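Some notes on the structure that comes next.
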Amino acid sequence: MQKLKEEIGQVLAPLVDLDPSEVINLLEVPPEPEFGDLAFPCYVLSKKLKKAPPLIARELSEKLADEEGHFWGKAEPRGPYINFYIAPQSFSQEILNQIWRQGSEYGHTNIGNGGNLPIDYSSPNIAKPFGVGHIRSTVIGHALYLIYRAIGYNSIGVNHLGDWGTQFGKLIVAFERWGDQEKLESDPVNYLYHLYVRFHQEADKDPALDDEARLWFKKLEAGEEEATAYWKSFRQLSLDNYAVIYDLLGIKFEHFHGESHYNEMLDDVIELALEKGIAKESEGALMVDLEPHGLPPVMLRKKDGATLYITRDLAAAIYRHERFHFARSLYVVGAEQTLHFQQLFKVLELLGFEWARNCVHVPFGLIRFKEGRMSTRAGKIILLDEVLQRSINLARQIIEEKNPDLEDKEHAARAVGIGAVRFGDLSNDRIKNIEFDWDKVLDFSGETAAYIQYAHARICSILRKAEPDYRQWDDRAVALLTEEEEVTLIKTLALLPDKIIASAENYRPSILARYLIDVAREFNRFYHHCPVLNSSNDLKHGRLLLIDAAGQVITNGLGLLGIIAPEEM
RNA sequence: GCGCCUGUAGCUCAGGGGAUAGAGCAACGGAUUCCUAAUCCGUGUGCCGCAGGUUCGAUUCCUGCCAGGCGCACCA
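Okay, so the first sequence: first residue is 978 according to our numbering, each after it adds one.
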């Protein structure tokens, strides 16, 4: 498609007195297929030429009639537009051959040029169970990690574990008062969660507990022995639990540095802030006034001397820059922390770090219940583990029903079950809140991952039944693909590189997810209109090459969303 | 009170300065001697929250308002 644009730009530019790049920017995709594949709107020329746009379109089309293009067949005026139509055969040969040659690399580019790109994602708070609320950061972040790799960045997965802070004081208080070592060891995370919830219940009645918790955290920061022992134990038990979930999701992080990792750097950060004259004492605490920048003030150090979240985030940001010299640094964190990141980036800027502008907060909406928000403290959450297990179970059940002879049912059930949960989270614009609904989570029809996976399984099924000698490139066979469903499918396949780039630039995996629905839809239309194995030899060969390419696009695309496309399901 | 985000079909959501605003779900009707019917084909639905403004043209951009969500000094 890009080549077609360039071709049109070259030919049209001299006729309208614009740069080819300007022409390319003006080109748009028409709303209906019958209006061609690309259109040039003539409104912009009407002022300059003092003529009505439809007249300009007619005149230009006449001039273009003499021009020959490799990829465009004809140019016709329609109202105020010049509509360009692709030359299907050379276009199909170009696109399918490109997919054929590039295989699993199709769609990838090198825009990033190897630049480092740390992505802070998942980052659960220790002592809290992994609820569905955490899945958004995990799934969106991991998709961006993969997508940025595909456009040539060196993504670095950073799990900024919430393993420090006052919540540890709370947990210690709760464990000291009501804890049971045996229960802790038998089901650590749920038990810590139980203690955490109980703490907040009791603290509502007895605020002194909060003071006690702050005191314990202060001890922890001071390196006091008993507090440190508790912390180590709670932390490790939680990590072991997360490992199971990350394993199930197929996620690995390059860096597992929690907030605690930055403890030694906090003094330097505070010193730097004082040195730059941006921090000052206020009621015993250390503050940065952001009033001149239209933001509320931030606190770097509490009056009891303990540090806060933002202090550790400052240290972490500086650490990441020193270590990676990143091209960009991403934070995939909920939208409720937008203000925090505005403050964080502003303080970095005030500290004199020019790279602060390369730090990007990628926010996303909440997962809510119909009745209101989820709350760890109140114990109103749904565990990710349960969601995944139920989804996998349902997938297994459906496979049992529809494909009882399948060999590796477990592999397919996991791919479909986990894929459904992932896709549900990726397919909508990340900024919007999601209402949690079991019926929606456990629905594998319509615009879902299963729909795309199913198309892929059908492709694999046909390819398995085909003679293996289709596996050679044949320009002549591809030139026979002239049915409407074939051409539309090929045009759709051609869009993958653009979609990956758009997903990355907008930090929106949903663009890629939606596109893959289109690919599957166009394949299904083709499938119902054009027999593959029962076609005559050359046409069969061409169609096999076409569906092979479609399968490749689905595999590559779903892969970038962290979703597996099984060969059978 | 101030700030940020969201408002599109009955429901869930795409789209986004330009040609008649699209999908899925739900409802109804149809397709399987043929490559997996988790599929496909058909039928109906819209003051694109409201009011102004910019523009040749606004559902899209700007301002105000309304509704919902989320934040705003010792949590993360």
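Glycine residues also receive a C-beta, built at the ideal position from the N, C-alpha and C atoms.
Everything numeric in this text was worked out from a predicted model, so none of it was measured.
**Request:** Just grab the DSSP bridge partners of Thr1284 for me.
**Result:** For this step, residue 1284 is matched to residue 307 along the first sequence. Per DSSP, Arg1278.
**Message:** If you reduce the DSSP assignment to three classes, tell me which class Asn1060 lands in.
**Reply:** Here residue 1060 refers to the residue found at position 83 of the first sequence. Three-state DSSP puts Asn1060 in a strand.
**Request:** On the DSSP bridge assignment, give the partners of Arg1055 in chain order.
**Result:** Looking up residue 1055 in the first sequence gives position 78. Its beta-bridge partners are Tyr1058.
**Message:** Tell me which residues share the same chain as Tyr1168 and place their Cβ nearer than 6 Å to its Cβ, disregarding the 5 neighbours each side in the sequence.
**Reply:** On the first sequence, residue 1168 is found 191 positions in, with the first residue counted as 1. The beta carbon of Tyr1168 lies closer than 6 Å to those of Lys1160, Leu1161 in the same chain, with the five residues before and after it left out.
**Request:** Measure the beta-carbon distance from Pro1486 to Ile1124 and round it to whole angstroms, keeping in mind my assumption that it falls under 8 Å.
**Result:** By 1-based counting over the first sequence, the position of residue 1486 is 509. By 1-based counting over the first sequence, the position of residue 1124 is 147. Sure, about 6 Å apart at Cβ, within 8 Å.
**Unbroken stretches of the beta strand (DSSP E), 3 residues or longer, contained in the stretch 1127 to 1166** = Segments of the beta strand (DSSP E) lying fully in the stretch 1127 to 1166: 1131 to 1135.
**Message:** Suppose you measure from the CA of Phe1042 to the CA of Lys1051; what does that come to, to the nearest Å?
**Reply:** Residue mapping note: residue 1042 aligns to position 65 of the first sequence, counting from 1. Residue mapping note: residue 1051 aligns to position 74 of the first sequence, counting from 1. A quick correction: the sequence has Ala, not Phe, at residue 1042. Taking the straight line from one Cα to the other gives about 7 Å.
**Message:** For the structure I just gave you, are there three or more beta carbon pairs, one from the stretch 1348 to 1360 and one from the stretch 1264 to 1278, closer than 8 Å?
**Reply:** Taking 8 Å as the limit for Cβ pairs, the verdict is that the stretch 1264 to 1278 does not touch the stretch 1348 to 1360.
**Prompt:** Got a sec: does the ligand PLP put a non-hydrogen atom nearer than 7 Å to the Cβ of Val988?
**Reply:** The ligand PLP is not among the ligands present in this structure, which contains no ligands whatsoever.
**Prompt:** Going straight from the alpha carbon of Pro1057 to that of Glu984, what length do you get?
**Reply:** For the purposes of this step, residue 1057 is taken as residue 80 along the first sequence, with counting starting at 1. For the purposes of this step, residue 984 is taken as residue 7 along the first sequence, with counting starting at 1. Pro1057 and Glu984: Cα-Cα distance of roughly 21 Å.
**Request:** On a CA-only basis, which of Ile1033, Pro1031, Met978 is nearest Val1006? Give me that one, please.
**Result:** Start at 1 with the first residue of the first sequence, and residue 1006 comes out as number 29. Comparing Cα-Cα distances from Val1006 to each of Ile1033, Pro1031, Met978, the minimum goes to Met978.
**Message:** Strictly by DSSP, which residues pair up with Tyr1308?
**Reply:** What you label residue 1308 is simply residue 331 of the first sequence in a count that begins at 1. Answer by DSSP bridge pairing, in chain order: Asp1097, His1338.
**Asked** Taking the Cβ atom as the reference point for each residue, do Ile1072 and Ala1456 lie within a distance shorter than 8 Å?
**Response** Start at 1 with the first residue of the first sequence, and residue 1072 comes out as number 95. Start at 1 with the first residue of the first sequence, and residue 1456 comes out as number 479. No, the Cβ-Cβ distance between Ile1072 and Ala1456 is not below 8 Å.
**Message:** I need the boundaries of the alpha helix (DSSP H) containing Val949, first residue and last residue.
**Reply:** Since the first residue of the chain shown is 978 and the last is 1546, residue 949 is not available in this structure.
**Prompt:** What number of angstroms, rounded off, separates the C-alpha of Gln1178 from the C-alpha of Val1166?
**Reply:** By one-based count along the first sequence, residue 1178 stands at place 201. By one-based count along the first sequence, residue 1166 stands at place 189. Looking at the two C-alpha atoms, the distance is approximately 18 Å.
**Item:** One or two residues paired with Asn1074 in a DSSP bridge
**Value:** Stepping through the first sequence from its first residue, residue 1074 is reached at position 97. Looking at the DSSP output, Asn1074 shares a beta bridge with no other residue.
**Prompt:** According to DSSP, is Lys1253 helix, strand or coil?
**Reply:** Mapped onto the first sequence, residue 1253 falls at position 276. If DSSP states are grouped into helix, strand and coil, Lys1253 belongs with coil.
**Selection from Ala1481, Leu1321, Phe1413 that minimises the alpha carbon distance to Leu1285** = Sequence index remark: in the first sequence, residue 1285 carries index 308 (1-based). Nearest C-alpha to Leu1285: Leu1321.
**Status (buried if at least 16 other CB within 10 Å, exposed otherwise) for Trp1415** = On the first sequence, position 438 is the one that residue 1415 refers to. Exposed: under 16 other Cβ atoms inside 10 Å.
**Asked** What residues match up with Ile1375 in a beta bridge as DSSP calls it?
**Response** Residue 1375 sits at position 398 when you count from the first residue of the first sequence. DSSP links Ile1375 through a beta bridge to no other residue.
**Message:** What would DSSP say about Ala1230, mapped onto helix, strand or coil?
**Reply:** Residue mapping note: residue 1230 aligns to position 253 of the first sequence, counting from 1. Reading the sequence as shown, one finds Phe at residue 1230 and not Ala. If DSSP states are grouped into helix, strand and coil, Phe1230 belongs with coil.
**Met1546 in three-state terms, based on DSSP** = Position 569 of the first sequence, counting from 1, holds the residue named residue 1546. Met1546 falls in the coil class under three-state DSSP.
**Asked** Which residues mark the beginning and the end of the beta strand (DSSP E) in which Arg1345 is found?
**Response** Numbered from its first residue, the first sequence carries residue 1345 at position 368. Element bounds for Arg1345: 1344 to 1346.
**Prompt:** Between Asp1290 and the rest of its own chain, which residues show a CB-CB distance below 6 Å, the 5 nearest in sequence each way excluded?
**Reply:** On the first sequence, residue 1290 is found 313 positions in, with the first residue counted as 1. Only Leu1321 meet the Cβ criterion.
**Request:** Look up Glu1011 in the DSSP assignment and say whether it is helix, strand or coil.
**Result:** Against the first sequence, residue 1011 aligns to sequence position 34. DSSP places Glu1011 in helix when its eight states are reduced to three.
**Request:** Tell me whether Glu1413 sits in a helix, a strand or coil according to DSSP, three-state version.
**Result:** Within the first sequence, numbered from 1, the residue matching residue 1413 stands at position 436. The residue you asked about is not Glu; residue 1413 is Phe in the sequence shown. DSSP places Phe1413 in coil when its eight states are reduced to three.
**Request:** Can you tell me which of the three DSSP states Phe1303 falls into?
**Result:** On the first sequence, position 326 is the one that residue 1303 refers to. Phe1303: coil per DSSP, three-state reduction.
**Request:** Output the boundary residues of the beta strand (DSSP E) element that contains Leu1263.
**Result:** On the first sequence, residue 1263 is found 286 positions in, with the first residue counted as 1. Unbroken beta strand (DSSP E) run through Leu1263: 1262 to 1265.
**Item:** Beta-carbon spacing of Lys1547, Ala1283 below 8 Å
**Value:** Past the edges of the chain, shown from 978 to 1546, lies residue 1547, and the structure says nothing about it.
**Prompt:** Considering only residues of the same chain and omitting the five flanking positions on each side of Trp1450, which have a CB-CB separation below 7 Å?
**Reply:** Your numbering for residue 1450 matches position 473 in the first sequence. These residues qualify, in order along the chain: Asn1074, Trp1077.
**Request:** Look at the Cβ atom of Val1550, then the Cβ atom of Ala1292, and state whether they are nearer than 8 Å.
**Result:** Residue numbering for the chain in the displayed model covers 978 to 1546; residue 1550 lies beyond these limits and cannot be assessed.
**Message:** Give me the residue from Gly1396, Gly1118, Asp1187 with the minimum Cα distance to Gly1149.
**Reply:** Locating residue 1149 in the first sequence gives position 172, counting from the first residue. The identity of residue 1149 in the sequence shown is Ile, whereas the question assumes Gly. Nearest C-alpha to Ile1149: Asp1187.
**Request:** Label Arg1407 either buried or exposed according to how many other C-beta atoms from any shown protein chain fall within 10 Å of its C-beta, with 16 as the threshold for buried.
**Result:** Along the first sequence, read from residue 1 onward, the residue named residue 1407 stands at position 430. That one is buried.
**Identity of the residue in Leu1094, Ile1531, Glu1331, Glu1009 nearest Ala1426 by Cα** = In the first sequence, counting from the first residue as 1, residue 1426 sits at position 449. Among Leu1094, Ile1531, Glu1331, Glu1009, the Cα nearest to that of Ala1426 belongs to Ile1531.
**Prompt:** What are the start and end residues of the alpha helix (DSSP H) that includes Thr937?
**Reply:** In the structure as shown, the chain starts at 978 and stops at 1546, and residue 937 therefore has no counterpart that could be examined.
**Nearest neighbour of Ile1117, chosen from Asn1511, Asn1483, Ala1526 [CA to CA]** = Position 140 of the first sequence, counted from the start, is the residue given in the question as residue 1117. Cα-wise, what sits closest to Ile1117 is Asn1483.
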